[in-house]
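**Q** In the numbering used here, the protein residues as written are 10 to 420. Glycine included, C-beta positions come from ideal geometry on N, C-alpha and C. Below: one structure in structure tokens.
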């Protein structure tokens, strides 16, 4: 795991707080890392995209693709804020989404419908820096020509990976059917990894070019001598667990980058979830509408597994779902306590009462015993199948059935 530390939301927060972007990422890196640890999530390595090894890995990949003639240099008209004196990339510009009419869409993506956008797609755009209406100015950027990758991406996804989740497969098909367009991999910004070319002063790598390379740089940092077998060996199975707003980057953009570089494997699967809303409203960190993990851990000490259970039970695996505190309470009381807790309590009490706190040796099995064992074996098979097919919600549901079977057996 690791912290994704570039991108415009970081610079916007730094401006608001009157500190540097580095101050912001240093603070949140430690907060997130500590929260994961306290939640019981351990990583082989938890790094960050401001590390030296990541900067070199991202720069090296850019240069390799550049040497392979994998980029196009294109001059284009981009929005410019005359008051702030800079170009407006990504979240420096807001406006109305042309697809769903959300009036709070950003220049790189609409968070409401998940559509990836360009600043010029927005209706009634305005600067997020000054609030002014931007003007158009010419600038040069390096583009990944996704249109040149469309044929093999179509074959790879639509023919070779029909087993992908329907929401992932469907979104990819929609993108491919619309026709892929060249996508800029550089930005006119002062926060990010500098584009490693002499004629690229004042330009940095687009965050969605450098961020997925973090998977590679993390592996290099952890296994400096053996990292290539994880990324360049066909026996490796690469799986991305993400949300639906990142499907296009992990199924189309990142694979195109890997293919253009020429020596890396491609993802085996991308079992992306849809959106999890909070109390019937979309989670938004920019609007502070979220459950912050460090705050949950402070408010509910020792309740890590309750949240883990509730999130898995509500996982938006095929469609958007909703997290509510009422449902959280109900699942804790009606399932974890009334079903699982009841089974454990009854088993322990009966063991103490009749077997002196020792698990007894099995006697001769009755027909009912054998039926119960068969039910448990079916649960095991169902859990294994659902885990292997990335249906974690169903896997947890099946696992809870063991407690239900146990309660029925002890009744």
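1) Hey, out of 363, 418, 359, whose CA is closest to residue 379's CA?
2) Could you give the DSSP three-state label for residue 253: helix, strand or coil?
3) Buried or exposed for residue 269, please, with buried defined as at least 16 other CB atoms from any protein chain shown within 10 angstroms of its CB.
4) Going by other Cβ atoms of all chains shown within 10 Å of its Cβ, with 16 needed for buried, is residue 70 buried or exposed?
5) What residues in its chain sit with their C-beta under 6 angstroms from that of residue 112, if we drop five residues either side in the sequence?
6) Assess, as a yes-or-no matter, whether the stretch 239-254 is touched by the stretch 276-292 under the definition of 3 or more beta carbon pairs within less than 8 angstroms.
7) Which partner residues of residue 150 appear in the DSSP bridge assignment?
8) Return yes when the Cβ of residue 231 is within less than 9 angstroms of the Cβ of residue 54, no when it is not.
9) Kindly identify the DSSP beta-bridge partner or partners of residue 11.
10) For residue 84, count neighbouring C-beta atoms within 10 Å of its own C-beta (all shown protein chains included) and say buried if the count is 16 or more, exposed if not.
11) Name the DSSP bridge partner or partners of residue 289?
12) Looking at the unbroken beta strand (DSSP E) that takes in residue 104, where does it start and where does it end?
13) What residue range is occupied by the uninterrupted beta strand (DSSP E) comprising residue 166?
14) Where residue 109 and residue 348 are concerned, what is the direct C-alpha to C-alpha distance, given to the nearest angstrom?
15) Does the count of Cβ pairs from the stretch 34-51 and the stretch 180-196 closer than 8 angstroms reach three?
16) Determine the extent of the alpha helix (DSSP H) in which residue 382 is found, giving its start and end residues.
17) Please list the terminal residues of the continuous beta strand (DSSP E) segment that includes residue 331.
18) Is the separation between the beta-carbon of residue 328 and that of residue 283 shorter than 9 angstroms?
19) For residue 125, does the three-state DSSP call read helix, strand or coil?
20) Where does residue 50 sit, in a helix, a strand or coil, going by DSSP?
21) Is the Cβ-Cβ distance between residue 11 and residue 252 less than 9 angstroms?
22) Along the chain, where does the beta strand (DSSP E) that runs through residue 229 open and close?
23) Based on DSSP bridge pairs, tell me the residues matched to residue 96.
24) So, with DSSP's three-state summary, where would you put residue 215?
25) How far does the alpha helix (DSSP H) with residue 183 in it reach, from first residue to last?
26) So if DSSP puts residue 145 in a beta bridge, which residue, or which two residues, is it bridged to?
27) What is the DSSP secondary structure of residue 278, counted as helix, strand or coil?
28) Roughly how many whole angstroms lie between the Cα atoms of residue 117 and residue 287?
29) Does the pairing of the stretch 401-420 with the stretch 383-391 give three or more beta-carbon distances under 8 angstroms?
30) Sort out for me which residues DSSP pairs residue 132 with in a bridge.
31) If you measure from the CB of residue 340, is any heavy atom of the ligand PLP nearer than 8 angstroms?
32) Should residue 255 be labelled buried (16 or more other beta-carbon atoms within 10 Å of its own) or exposed?
33) For residue 330, tell me which candidate among 370, 243, 402, 350 has the shortest Cα-Cα distance.
34) Suppose contacts are defined by Cβ-Cβ distances below 9 angstroms. Is residue 368 in contact with residue 341 by that definition?
35) Just grab the DSSP bridge partners of residue 248 for me.
36) To which residues does DSSP link residue 195 through a beta bridge?
**A** The relevant details are as follows:
1) If you number the chain shown from 1, residue 379 lands on position 370. The option with the nearest alpha carbon to residue 379 is 418.
2) Stepping through the chain shown from its first residue, residue 253 is reached at position 244. In the three-state reduction of the DSSP assignment, residue 253 falls in the helix class, which pools H, G and I.
3) The count along the chain shown starts at 1 and reaches residue 269 at position 260. In summary, residue 269 is buried, with 16 or more beta-carbon neighbours lying within 10 Å of its beta-carbon over all protein chains present.
4) Within the chain shown, residue 70 is the residue found at index 61, counting from 1. So residue 70 counts as buried.
5) Position 103 of the chain shown, counting from 1, holds the residue named residue 112. Here residue 112 has 105 as same chain residues with Cβ atoms under 6 angstroms from its own Cβ, once five neighbours each way along the sequence are excluded.
6) Yes, they touch.
7) Along the chain shown, one-based indexing puts residue 150 at 141. Residue 150 is bridged to 83.
8) Taking the first residue of the chain shown as 1, we reach residue 54 at position 45. Taking the first residue of the chain shown as 1, we reach residue 231 at position 222. Yes, they are a contact pair.
9) In the chain shown, counting from the first residue as 1, residue 11 sits at position 2. When DSSP reads this structure, residue 11 sits in a beta bridge with 56.
10) Translated into positions along the chain shown, residue 84 becomes position 75. With fewer than 16 Cβ atoms within 10 Å of its Cβ, residue 84 is classed as exposed.
11) If you number the chain shown from 1, residue 289 lands on position 280. In DSSP, residue 289 forms no bridge with anything.
12) As a first step, residue 104 is located in the chain shown; it is residue number 95 there, counting from the start. Counting along the chain, the beta strand (DSSP E) containing residue 104 begins and ends at 102-105.
13) Here residue 166 is taken as the residue at index 157 of the chain shown, counted from 1. Careful: residue 166 lies outside any beta strand (DSSP E) and carries neither H nor E.
14) For the purposes of this step, residue 109 is identified with residue 100 of the chain shown, where counting begins at 1. For the purposes of this step, residue 348 is identified with residue 339 of the chain shown, where counting begins at 1. Spanning the two alpha carbons is a distance of roughly 43 angstroms.
15) Touching, no.
16) Looking up residue 382 in the chain shown gives position 373. Unbroken alpha helix (DSSP H) run through residue 382: 376-397.
17) Position 322 of the chain shown, counting from 1, holds the residue named residue 331. In the DSSP assignment, residue 331 falls within the unbroken beta strand (DSSP E) covering 330-332.
18) On the chain shown, position 319 is the one that residue 328 refers to. On the chain shown, position 274 is the one that residue 283 refers to. In this structure, residue 328 lies near residue 283, with their beta-carbon atoms less than 9 angstroms apart.
19) Within the chain shown, numbered from 1, the residue matching residue 125 stands at position 116. Of the three classes helix, strand and coil, the one that applies to residue 125 here is strand, per DSSP.
20) What you label residue 50 is simply residue 41 of the chain shown in a count that begins at 1. In the three-state reduction of the DSSP assignment, residue 50 falls in the coil class.
21) Locating residue 11 in the chain shown gives position 2, where the first residue counts as 1. Locating residue 252 in the chain shown gives position 243, where the first residue counts as 1. A distance of 9 angstroms or more separates the beta carbons of residue 11 and residue 252.
22) Taking the chain shown and counting its residues from 1, the one referred to as residue 229 is at position 220. It is not in any beta strand (DSSP E) - residue 229 instead sits in the alpha helix (DSSP H) that spans 222-231.
23) Residue 96 sits at position 87 when you count from the first residue of the chain shown. In DSSP, residue 96 forms a bridge with 89.
24) Within the chain shown, numbered from 1, the residue matching residue 215 stands at position 206. Coil, per DSSP.
25) In the chain shown, the residue the question calls residue 183 occupies position 174. Per DSSP, residue 183 belongs to the alpha helix (DSSP H) from 175-187.
26) As a working mapping, residue 145 is identified with position 136 in the chain shown. Beta-bridge analysis with DSSP links residue 145 to 88.
27) Numbered from its first residue, the chain shown carries residue 278 at position 269. Strand.
28) Here the question's residue 117 lines up with position 108 in the chain shown. Here the question's residue 287 lines up with position 278 in the chain shown. Separation of residue 117 and residue 287 (C-alpha to C-alpha, rounded to the nearest whole angstrom) is 23 angstroms.
29) Taking a contact to require three or more Cβ pairs closer than 8 angstroms, the stretch 401-420 and the stretch 383-391 qualify as touching.
30) The sequence position of residue 132 within the chain shown is 123, counting from 1. For residue 132, which the question treats as bridged, DSSP gives the partners 105.
31) Because no ligand of any kind appears in the structure shown, any question about the ligand PLP cannot be addressed here.
32) Within the chain shown, numbered from 1, the residue matching residue 255 stands at position 246. Result: buried.
33) By 1-based counting over the chain shown, the position of residue 330 is 321. Residue 402 holds the alpha-carbon nearest to the alpha-carbon of residue 330 among 370, 243, 402, 350.
34) Reading the chain shown from its first residue, position 359 is the one you call residue 368. Reading the chain shown from its first residue, position 332 is the one you call residue 341. Pairing residue 368 with residue 341 gives a Cβ-Cβ distance that is not under 9 angstroms.
35) Your numbering for residue 248 matches position 239 in the chain shown. According to DSSP, residue 248 bridges with 278.
36) Taking the first residue of the chain shown as position 1, residue 195 is located at position 186. Listed as beta-bridge partners of residue 195 by DSSP are 214.
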